[in-house]
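First the structure, in the form of structure tokens, and then the observations on it.
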Amino acid sequence: MSAKDENEFWSDALTPEPRFEIDFRVPDNKFAFSPGQLNKLFNPKSLAAFYALGGLHGLEYGLQTDLTAGLSADEKILARYTTFKEARQVASSQTNGTLSPSPQYLIPPAETAQSASLFAERCRVFGTNVLPQAPKKTFLKLLWDAYNDKLIILLTIAAIVSLSLGIYEAVSGQSQVDWVEGVAVCVAILIVVAVTAGNDWQKQRQFGNLNKRKHDREVKAIRSGKKMRMRISDLTVGDIVCLEPGDAAPADGIVITSQEIKCDESLATGESDHVEKCSGFKAWDSRAASGSEHDIDPFIMSGSNVLEGIGTYLVTSVGPHSTYGRIMVALGTETDPTPLQVKLARLASWIGWFGLGSALLLFFVLFVRFLVQMSASEETPAVKGQHFMDILIVTVTVIVVAIPEGLPLAVTLALAFATGRMLKENNLVRLLRACETMGNATVICSDKTGTLTQNKMSVASGFFGHSEPFGKFPLSATALPISISETLKKFSSSFEELLLHSLALNTTAFEEQQSEKKEFIGNKTEVALLQFAHQGLGLNLSEVRTNNHIEQVYPFDSARKTMAVVYARSKRSGYRFLVKGAPEILLAASSHMVSPGPEGENLAACVISPDDRRLISGMIDAYSRASLRTIGLAYRDLPTWPSASQGRQPSFDEIFHDMTWIGAFGIHDPLRPEVPGAIQTCRAAGIQVKMVTGDNIHTALAIAKACGIKTNDGIAMEGTELRNLRENELAIVIPKLQVLARSSPDDKELVVKHLKRLGEIVAVTGDGTNDGPALKAADVGFSMGLSGTEVAREASSIILLDDNFSSIVTAVAWGRAFQITVNITAVVLTVVTAIYNSKNESVFKAVQLLWLNLIMDTFAALALYAPSHLHMRRYETNQGRATDPPTSDILNRPPTPRSAPLFTVIMWKMILGQSIYKLAICFTLYFAGHSLFHFNKSDEVEMLELNTIIFNTFVWMQIFNQFNCRRLDNKFNIFEGIHKNKWFFVINLVMVGGQILIIFVSGTAFGVTRLSGWQWGVSLGFAVFCVPWAVVLKLAPDVYVEVLLDMFAKVIKCVFSWVTKGYEKVIPGITRCFRAAIGWSKMGRGRVVDEESATDINH
């Protein structure tokens, strides 16, 4: 290809798309590239664009960065401009991959103006690595959404018509107060809509805060030549980011160094294949050599998960310009409904039809009566119109009160509030359904390290060769500890160097400056080993790594349970293969072992005899029985090693043999003190706890017995045994399995799926990349916030911010706080009394029904779930105490199975019992109140007093019944923990104050009158009896109640079946009659037309 053709090809690769043209135009751009040009590397991946931008060297120069040292940590204002042409020249001058540009193209250092912020130029041109927040609805928009309800609109229209007629009557000299009801209904609508919108706004703000916390994480990057941890929001274009297994790429970029990196890019591509990555240098050299693009992929897509390997990459796109950013901006996030929400949706539909049927029945009866009475009435048309509007308003209001279309949303908001409270207790809930599901978990499969233990690891003891110990020998109470220096004196000087290299080179941990001193950062086990080397061997990590060049890295693999490096020996020719991992696996691959020897540079080694092998295995077992985590070391010297340019590198299995055993370390990780109590709590709650760990069987058993997981009748085994079991054997073993050691992620997934097949509700903890499938398969997945990988966190539904098992128990307690009771007495009272009354007037006016709806829906919900709004409009729904911290008593019941009905027998007992009591009191007052209180039925004032007593009594019964609804079991203490819920008192104060004001001040608007002292006593006396009546109901045996409920359900089913059959038989007959009538009508019209035509002809 000629230079001219190549230039045309490159320019075509960077041609902007019309929708992204703005990204190609950046004023005063000191960089060689625009965000738009860099975006051409992705969506889709484009090697042509990579070549056009000059490969890694072109990107390095054009982005004014350094592929080895990264950006300068104090960069503010850039010193000069770079151009696209200069970047191309740098690329063309490079013949192969090196990690520094040619000297003539070196970038001058950035200026550090005091007035500028860090990376000001980069942030201005390329943006920050923060996704724009989803546009939030304004309060006015939320008001409109709350108002945009068909029933509310219909009620508004009816209220306006009623108001208009009332004003007309007042102006024409008739009734002067009828307009007040229309105004009161309009005000009530405004209050309901405003409260709904206010709570929706609060919910929106709460979820925004939760999402900020969820997306806040740290990554490992290189700046000024030093590795450091930083928030992903601080990354910018030109940064060098380190990748390890389990990481989720925080931005788009190009690979600089790759040690067998494989990524899962299914988030962006939809393909679940493991994509192998190569260095950008290799991609450039491959193109220069042959032009082949087959299997060349140096691209890291943001959001992709690193499954294997380690390496570094250059960030090229951040925030909304990145692949993940574009996806997240384009997509909204929807949450799947929880099982409870699904059940409530069905319940809402059923009750909705009940309410609609009741309203239609009411309207039909009242309208027929209105038509019958209208002919004999001497009232003016305006008055008659007002009567009709009163009928319509009451009917619509009954629907408003009855239909619970907001019920599923109510639980969402309740769960949302609970997630905020759980966050304070170190449970970050990512999926709402997990909060509810966790309450009914029957099995918890827990990791050991960091979850049951403190993850504060330290080297307690160890041995070299077959039995040269240091530290305090485990299981020995009298032996004095042996210092590492004493043990090393028995070996040659070369052995100490080997030990230092094994610990310092074969690790992913690194050193970072923390305030006044340097600290090791990384995996807790590796940090413990480095701290041991630093304190006991005088390790200088940076010096060891600088003086030894690593040729190949074999990252930790959970399947082989080892990690390794190959490095070039600096003092001697050849290479050394260092392996670290499970000691029994290293011992099996070893044929020799180090042995004590004379001073000198040569390492002393000997063949491992069968007796030596048994002795070493016995030492490893002794460490394990002492609850120590064992890590083994081995090495092998290699005469040669192929360079990267020579092509394929040997696989791990090809060289993992004929190893020389070095020794093993016993790492102490103390048990969390609160774990035994948490395990005991789980047992009391009917939850099984199973330990699934990668440690050996002896360590696992020691910890399991110490914390109470392992019992006498439980089974403990290793993963290899489990894999060999048949399906029928698994069905017997897994329910009794309590400890699974040396397990792989596939074993964990197998256990989870089999438990679910057996009907269990399973919660799983996981921290590794390969734990993703098990976390996804579980009903609730817990990932570790401190030690977990990003892949594990993304696969989980709850993140344990403190990695603590007791936080799982907290999640169970919160999950069990969701229960429901229902009251539909207001609908029944309204329908029955309106039909009974000769004037078509219900005992409750429309505005009274709206007030009842407000206290039964919004206020009662706020009192029990504040500050989240339970939008359970249309009938009273009180839910268990989600705002109160769950008490220990809530964990003393067994979990609820998946197939359990929405309402328990106790709940039905309370629902029906309270409904019967309220209806009995209200109907007694309505039909016999005039006799009881000696009221004159013809006196409108006294009858208004009676109706006010009924309204006041009903409202106070709802208020007192809230206390009963705080407890949904058969225990009597309904005040338990009430002092912890300030909202309960605040909202109840509002309800009580509102009701008192209605009776004493708002008589005209609400159609009530002031009550005397004894009348208040009647109302409160009947209302407060709801509390002792609940005690009576709780004393009723649940067994008998269940029998009665079954009988009642069968009767309802039979009646419904008869009605359905009658409907199926009657409707076709009616349809045929209508069709016949229409046919005869048409025939009659035809005959008339024919006769008229004949008459015309005769004329």
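Under the numbering used here, think of the first position of the sequence shown as -6, with each following residue one higher. All C-beta atoms, glycine included, are put in the ideal place defined by N, C-alpha and C.
Item                                                                                                                                                                                                : Value
The alpha helix (DSSP H) that contains residue 946, what's its start and end?                                                                                                                       : 933 to 958
Which one of 998, 955, 573, 990 has the shortest CA to CA distance from residue 977?                                                                                                                : 955
I need the DSSP call for residue 709, collapsed to helix, strand or coil.                                                                                                                           : strand
In this structure, does DSSP put residue 680 in helix, strand or coil?                                                                                                                              : coil
For the putative contact between residue 687 and residue 736, defined by C-beta atoms under 8 Å, what is the C-beta separation to the nearest angstrom?                                             : 6 Å
Three or more beta-carbon pairs under 8 Å between the stretch 563 to 575 and the stretch 447 to 467, yes or no?                                                                                     : no
Within 10 angstroms of the Cβ of residue 919, are there 16 or more other Cβ atoms? Answer buried if so, exposed if not.                                                                             : buried
How is the beta strand (DSSP E) around residue 776 delimited, first residue to last?                                                                                                                : 773 to 777
Please state whether DSSP places residue 650 in a helix, a strand or coil.                                                                                                                          : coil
Distance check for residue 232 and residue 225, CA to CA, integer angstroms please.                                                                                                                 : 11 Å
Tell me residue 304's beta-bridge partners as DSSP assigns them.                                                                                                                                    : 236, 251
Apply the 10 Å Cβ neighbour rule to residue 506 and answer buried if 16 or more other Cβ atoms are within range, or exposed otherwise.                                                              : exposed
Going by C-alpha to C-alpha distance, which of 230, 217, 67 sits closest to residue 30?                                                                                                             : 230
What three-state label does DSSP hand residue 1045 in the structure shown?                                                                                                                          : helix
Grab the span of the alpha helix (DSSP H) containing residue 452 for me, first residue to last.                                                                                                     : Here residue 452 belongs to no alpha helix (DSSP H); instead the beta strand (DSSP E) covers 451 to 457.
Straight-line CA distance for residue 577 to residue 537?                                                                                                                                           : 28 Å
Are the CB atoms of residue 771 and residue 756 within a distance shorter than 8 Å?                                                                                                                 : yes
Are the beta-carbon atoms belonging to residue 311 and residue 36 less than 8 Å from one another?                                                                                                   : no
Quick one: using the 10 Å Cβ neighbour count with 16 as the cut-off for buried, is residue 528 buried or exposed?                                                                                   : exposed
Excluding five sequence neighbours on each side, which residues of the same chain lie with their C-beta closer than 6 Å to the C-beta of residue 1102?                                              : Missing from the structure shown is residue 1102; the chain here goes from -6 to 1092 and no further.
Could you name the residues that DSSP lists as bridge partners for residue 361?                                                                                                                     : Partner(s): none; residue 361 has no beta bridge.
Can you tell me whether DSSP reads residue 96 as helix, strand or coil?                                                                                                                             : Below a pLDDT of 50, predicted positions are generally treated as unreliable, and residue 96, at 39, falls in that range; no measurement from the model is reported.
Is there at least one non-hydrogen atom of the ligand MN closer than 7 Å to the beta-carbon of residue 18?                                                                                          : Looking at this structure, you won't find the ligand MN or any other ligand, since it has none at all.
Under a three-way DSSP split, which group does residue 581 fall into?                                                                                                                               : helix
Rounded to a whole number of angstroms, what is the C-alpha to C-alpha distance between residue 83 and residue 775?                                                                                 : 49 Å
Just mark residue 911 as buried or exposed, buried being the case when its beta carbon has 16 or more other beta carbons within 10 Å.                                                               : buried
Report yes or no: do the stretch 50 to 65 and the stretch 17 to 34 share at least 3 C-beta pairs separated by less than 8 Å?                                                                        : yes
Starting from the C-beta of residue 724, find all residues in its chain whose C-beta is less than 8 Å away, skip the five residues before and the five after it, and write them out in chain order. : 747, 751
Are residue 297 and residue 272 close, meaning C-beta to C-beta below 8 Å?                                                                                                                          : no
Please go through the same chain and pick out, in chain order, the residues whose beta-carbon is closer than 7 Å to the beta-carbon of residue 294, but skip the five residues on each side of it.  : 35, 242, 245, 258, 261, 316
According to DSSP, is residue 523 helix, strand or coil?                                                                                                                                            : helix
Spatial neighbours of residue 625 within its chain, please: CB distance less than 6 Å, with the 5 preceding and 5 following residues excluded, ordered by chain position.                           : 576, 579, 657
Give me, in chain order, the residues of the same chain whose beta-carbon lies closer than 7 Å to that of residue 115; leave out the 5 immediate sequence neighbours on both sides.                 : 229, 230, 231
So, at 6 Å on beta carbons, what are the nonlocal neighbours of residue 41 in its own chain, with the 5 sequence-adjacent residues on each side left out?                                           : 6
So, are the CB atoms of residue 514 and residue 525 less than 8 Å apart?                                                                                                                            : no
Please name the residue, chosen from 753, 239, 355, 218, that lies closest to residue 384 on a Cα-to-Cα basis.                                                                                      : 355
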